[in-house]
Structures are given as C-alpha cells and as structure tokens.
Amino acid sequence: MHVAEQGTGPLVVLLHGFPELWNWELLAAREGTKVTIAMKFIVGDKDIGFESNGTREYITRDVFKRYIPNLEVVILDGHHFIQQERAQEVSNEILSFASFQDIE
C-alpha cells in the first residue's frame, strides 16, 4: 500500500494494486512529471493479516491515514480472498473509488 506525490509537471494518476505499487518510479524519473497516487484499502475483517500483529488497530485508529492522507479504508465481512468471497461488493468499491477521484 503506497501513496506518493512527486514532481511539478502535469499530473499522472495511476490506479493499480499489488505488486505494481512502485511502477510509478519509472514515470516519475521523467523530468517535469508529477505523480499522485490515491489508495483504497479493501480487507476482510477475518483476514489473518488484518488480525495479526496489531494491524487491525493500526488501520482502524487512523494511524495508517497519517502516512497516506488520500487513503480510503473498507473493511468487509470476509477472509483473505475478499475479492472472491465478496466479488460484487469489491467491484462496486473499486468502481466508486475510480469514479469519484477529482484529481487536479
């Protein structure tokens, strides 16, 4: 999960997921390019990674948002493969995220 802003030129918006979180670096190296990345974190509330090592508290207490100001968090009823368990809900979340982005 990563949000980054770099450069001063025209804005380039990249919407993608793991493992491609850092491909923006290839574009940002171009002189005058500005890159802003908005993030939506979708997780199942029973995901072992969400339940482990204080991750739930880190995310739900907005510590996560301090480092990623454009972050939107969605916690659905489900497990690790939330995109399979709740396919329509995840699809709707992604579509709503992509459609509301008002990037300048």
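With my numbering applied, the sequence shown corresponds to residues 43 to 146, in that order. Quick reminder that beta carbons are idealized off the backbone N, C-alpha and C, glycines included.
Which one or two residues does DSSP pair with residue i in a beta bridge?
i	result
E131	E131 pairs with nothing; no bridge assigned.
F83	V115
Could you give the C-beta distance for residue i and residue j, rounded to a whole number, given that I count them as a contact under 8 Å?
i	j	result
L118	R108	About 23 Å separates the two Cβ atoms, so there is no contact after all.
F83	L113	6 Å
V85	I110	In fact, because the Cβ distance is near 14 Å, the residues do not count as touching under 8 Å.
Smallest Cα separation from residue i: which of the options?
i	options	result
S141	I124, T50, A80	A80
V115	D104, H122, H121	D104
G120	F139, E131, F106, D89	D89
* Would you call the region 91-101 and the region 128-137 touching, i.e. three or more CB-CB distances under 8 Å? -> no
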